[in-house]
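Okay, so here's the structure we're looking at.
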Amino acid sequence: MFPIRLTGRLDDVLTRVVPVGATGPLFHSEGALGAEIAALAGTDRPAGTVQEFPRPLREPARVLLVHVGAGDEAGWRAAGAAAIRALGDEPAQVHLDEAASEESVRGLAEGLWLGGYRYRDALEEPRSAEVGIVASGLQTYALGLAQAQATARATWLARDLTNTPPSIKNPDWMAEEVTGASAKRPGTTVRVLSGDELARFGGLRAVGGGSRFKPCLVQLVWDPPGARTHVVLVGKGITFDSGGISIKDRPGMKRMKNDMAGAAAVAAATLGAADLGLPVRVTALLPLAENAVSGSAYRPGDVITQYDGTTSESTNSDAEGRLVLADALAYAGGLAPDVVIDVATLTGAAIVALGPSVAALYSSGDELATALTEAGAAAGERMWRMPLCDDYRELLRSDVADRHSSPAVGGGPAALFLRDFTGAYAGRWAHLDIAGPAWTETTELELTRGATGWGVRTLLRYLSTLDGGQQPGA
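When the letters of the sequence shown are read in order and numbered with this note's numbering, they come out as residues 7 to 480.
Spelled out as structure tokens, the structure:
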């Protein structure tokens, strides 16, 4: 990540960035430059709007006015993202006035880092030039900047993992990446279950059985001293999804390297919790497999024995995510969780219902659903709660197993399928279907084309409210 530094002095830089709110420029400057900017700045523009003014043979040589809209954290985040794209690879300073808050600095810095993301193995060179944030009372803003940095670093990691091509990415590669990232963070540990250790994970073994890359389950733990709450995060980790024997069509398959975005999000959020030193025990479970087509691939009609000993009839090998999540959710019950949240690119029905940029939230617990919705709103990740209709449970009825995996109707039965495996913690479980917002085809606001890292920011906001943790922006 490129450096962002808090400073109390103006340096000689070619470009100065000035935030503009509803009432005008949000910076304090005496003399000709302040008067010039005040005259140029138009108000009532959407957050993220940029006005660029060259100043030949003067210092600074260029001024970027970036609009923050209503001035809430989302507006500052949009302004930061717009500013970094306008800057390109130039160093610059953002000049804030005395009324700037920790929340505005956090939003600005998050926007700068998230908008400036570049995939680590892309042809484009990563940005390295520093951005200075000029403000008085620097200690006031230090926490907001640190929170922004940890959140952005975790989101960058989730984006990197998801953007990695399937020619590189497979279950072993993912396990090595998570293990390597954990080794840099004291207090985190990793266990990788594979081979005979997966004997009870019938769904994971079935889905991964058609690939030469064998499945595994990664268990990543952040365990700070004195933690009173244990949150288990489960992420769908299909490193490439061909659909198996129920093979996808060409448009449906072209970006299936992102079918492990849920696993990337929960792993990155757990590592982010370690970076922030959150006083919450967090366990991330990553059931990893490649859903491939071969003579050893599982078939529609197969009956699979899941981790909890119940059986599922596979009626569509492209409904593989719920089978691997089912094993992990059942396994999670043995970890004494207080809360379990799973994140998955699970159903096309979620996109049909809510469009490409809103996640579907299912939960039997009203308090948990409200907390996640509020965390998502603060983080800039939208979700909408969907119903868990018990009468839809009949749609999962199988004549040869305890349930079947894929009724030919919407996304609700998929969530009900998962709920079957939550056991005693069913009232403390939430499912986030991120099939839409895990990926974007456009660069807009703090998102860049490709993987979004959706869920990392929401999970970190939520975790930050537990066990007396410092709520971001509070």
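We treat Cβ as the ideally placed atom computed from N, Cα and C, and that holds for glycine.
Quiz prompt | Nonlocal neighbours in the same chain, by C-beta distance under 7 Å from G122, ignoring five residues either side | solution = Hits under 7 Å: F8, I90 and R133.
Quiz item: Smallest Cα separation from P293: which of A212, P306, S318 and V299?
Solution: A212
Quiz item: So what's R15 in DSSP terms, helix, strand or just coil?
Solution: coil
Quiz item: In the structure shown, what three-state DSSP assignment does E183 receive?
Solution: helix
Quiz prompt | A98 beta carbon less than 8 Å from that of V24 | solution = In this structure, A98 does not lie closer than 8 Å to V24 by Cβ.
Quiz item: Would you call E131 buried or exposed, if buried means 16 or more other Cβ atoms sit within 10 Å of its Cβ?
Solution: exposed
Self-check item: Exposure of V227, with buried meaning 16 or more beta-carbon neighbours within 10 Å
Solution: buried
Quiz prompt | Candidates A381, A366, G418 and D281, of which the one nearest Q155 by Cα | solution = D281
Self-check item: Burial state of S470, where buried means 16 or more other Cβ atoms lie within 10 Å
Solution: When all chains shown are included, S470 counts as buried.
Quiz item: Where R112 and S323 are concerned, what is the direct C-alpha to C-alpha distance, given to the nearest angstrom?
Solution: 44 Å
Exercise. Please specify which runs of the alpha helix (DSSP H), each continuous and at least 4 residues long, are wholly inside the stretch 337 to 388, giving them in chain order.
Key: Fully enclosed alpha helix (DSSP H) runs of 4 or longer: 354 to 360 and 372 to 385.
Quiz item: Can the beta-carbon of T157 be found closer than 8 Å to that of R463?
Solution: yes
Practice problem: Determine the extent of the beta strand (DSSP E) in which T21 is found, giving its start and end residues. | Solution: For T21, the uninterrupted beta strand (DSSP E) segment begins and ends at T21 to G27.
Quiz item: Would the beta-carbon of V224 fall within 8 Å of that of V198?
Solution: yes
Quiz item: Are three or more beta carbon pairs between the stretch 425 to 442 and the stretch 353 to 373 nearer than 8 Å?
Solution: yes
Self-check item: Check whether R328 and L291 have beta carbons under 8 Å apart
Solution: no
Quiz item: What runs of the alpha helix (DSSP H), each 4 residues or longer, lie entirely inside the stretch 51 to 132?
Solution: 79 to 93 and 108 to 121
Exercise. Assuming P230 contacts P285 (C-beta within less than 8 Å), just tell me the rounded distance between them.
Key: 6 Å
Practice problem: From the DSSP output, in three-state form, read off S200 for me. | Solution: strand
Quiz item: Leaving out the 5 sequence neighbours to the left and right, which residues in its chain are closer than 6 Å to E58 when beta-carbon positions are compared?
Solution: L70
Quiz prompt | Helix, strand or coil at G479 [DSSP, three-state] | solution = Caution is warranted here: a pLDDT of 31 is assigned to G479, below 50, making its placement in the model unreliable, and no coordinate value can be reported.
Quiz prompt | Coil, strand or helix - V299 by DSSP | solution = coil
Quiz item: Does the separation of the CB atoms of T458 and P443 fall below 8 Å?
Solution: Yes, these two residues count as a Cβ contact at 8 Å.
Quiz item: Do you know how far the Cα of R22 is from the Cα of G250?
Solution: Answer to the nearest angstrom: the Cα atoms are 53 Å apart.
Quiz item: Would a C-beta distance cut-off of 8 Å place W482 and N176 closer than the cut-off?
Solution: With the chain running from 7 to 480 in the structure shown, residue 482 is simply not present.
Self-check item: Status (buried if at least 16 other CB within 10 Å, exposed otherwise) for G433
Solution: The residue in question, G433, is exposed, as its Cβ has fewer than 16 Cβ neighbours within 10 Å.
Quiz item: Going by beta carbon distance, what residues of the same chain come within less than 6 Å of L114, once the five residues before and after it are set aside?
Solution: W82 and G86
Exercise. Have a look at the DSSP bridge pairing and note the partners of I244.
Key: A295
Practice problem: Return the chain-ordered list of same chain residues with a C-beta closer than 7 Å to the C-beta of G117, the five sequence neighbours on each side being excluded. | Solution: W82, R83, A84, A85, G86, A87 and E452
Quiz prompt | T146 versus E108, V140 and L129, residue with shortest Cα-Cα distance | solution = Of the listed residues, the one whose Cα sits closest to T146 is E108.
Quiz item: When DSSP builds the beta bridges, which residues end up paired with L453?
Solution: E450
Exercise. Report the residue from V184, P257, V358 and G307 whose alpha carbon sits nearest the alpha carbon of V272.
Key: V184
Quiz item: Can you give the Cα-Cα distance for G138 and I10, rounded to whole angstroms?
Solution: 6 Å
Quiz item: Smallest Cα separation from S302: which of A181, A407, E65 and R218?
Solution: Nearest of A181, A407, E65 and R218 to S302, Cα basis: R218.
Exercise. Can you have a look at P478 and say buried or exposed, based on whether 16 or more other CB atoms are within 10 angstroms of its CB?
Key: Here the model assigns P478 a pLDDT of 34, short of 50, so the residue's position is not dependable and the matter cannot be decided.
Quiz prompt | For D439: DSSP bridge partner residues | solution = A350 and A366
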